[in-house]
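When you number the sequence shown by the numbering used here, it's gap-free, plus one each residue, and the end is 177. No residue lacks a Cβ here, since even glycine has one placed at the ideal position from N, Cα and C.
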Amino acid sequence: KGKKVLVIGGGDTGSDCIGTSIRQGALSVTQIEILPQPPAGHNSATPWPQWPNVLKTSSSHEEGCLRRWSLTSNQFLGKNGKVTGVEVEEVEWIPSENGGRSTMKATGKKEIIEADLVLLAMGFLKPEVPQYAQNVFAAGDYISGPSLVVRAMSAAKEMVHKVDQYLSK
């Protein structure tokens with residue numbers, strides 16, 4: 009309640025984070041996505057049977073948030089052990105000459121997005137799980153890799169217990 013929330017990730021999980029933040033009384037919600045903004049309608053670059061790359065606006069987005077595209081997070085900023093913002097940088101996507109994956113290039117255009125709470129809702133590239141500080145908690149696909157929703161729910165339940173124990177110290 010009353011927090012400036014930054015959601016990093018533009019997929020369904022990010023949308024869930026937006027809706028929950030708004031319903032919990034966030035002062036503001038900003039969502040950033042590393043990919044460029046997809047077109048609102050038909051996208052000839054992804055014809056059937058490929059996955060359609062089109063802009064999706066969920067009911068959570070309609071509740072109110074600022075959506076920003078082609079931004080990567082460089083570093084978290086904080087004071088007295090609490091997050092105060094995230095340094096982000098604009099990126100551009102350079103198409104592959106052979107039709108393969110585009111390459112991401114940082115532009116050098118950086119800014120700070122103020123935030124009291126940062127929710128990580130992005131995908132993953134590697135199965136390794138980095139070690140974090142004792143006050144950082146994670147669950148679901150981020151920890152286990154792609155898996156069943158029921159496993160993510162179980163892991164989240166365990167994580168909530170760990171968060172409760174940590175906060176009760």
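{"Asked": "Runs of beta strand (DSSP E) wholly within the stretch 61-147 (minimum 3 residues, chain order)", "Found": "74-76, 79-87, 90-102, 111-122 and 125-128"}
{"Asked": "Three-way DSSP call (helix, strand, coil) for Ile151 in this model", "Found": "helix"}
{"Asked": "Neighbour-count burial assignment, Leu178, 16 or more Cβ in a 10 Å radius", "Found": "The first residue shown for the chain is 9 and the last is 177, placing residue 178 beyond what the model contains."}
{"Asked": "Which of helix, strand or coil DSSP assigns to Leu175", "Found": "helix"}
{"Asked": "Cβ separation of Glu71 and Gly93, assumed to be a contact under 8 Å, to the nearest whole Å", "Found": "Not quite, the Cβ-Cβ distance comes to about 23 Å (not below 8 Å), so this is no contact."}
{"Asked": "Inter-residue Cα distance where the pair is Ile40 and Gly18", "Found": "7 Å"}
{"Asked": "Pairwise C-alpha distance: Gly22 and Val37", "Found": "11 Å"}
{"Asked": "For Lys87 and Asp20, the rounded distance between their alpha carbons", "Found": "31 Å"}
{"Asked": "Own chain residues within Cβ distance below 6 Å of Arg75, not counting five before or after", "Found": "Gln39"}
{"Asked": "Any chain D beta carbon closer than 9 Å to Arg31", "Found": "The displayed structure is made up of one protein chain only, and chain D is not part of it."}
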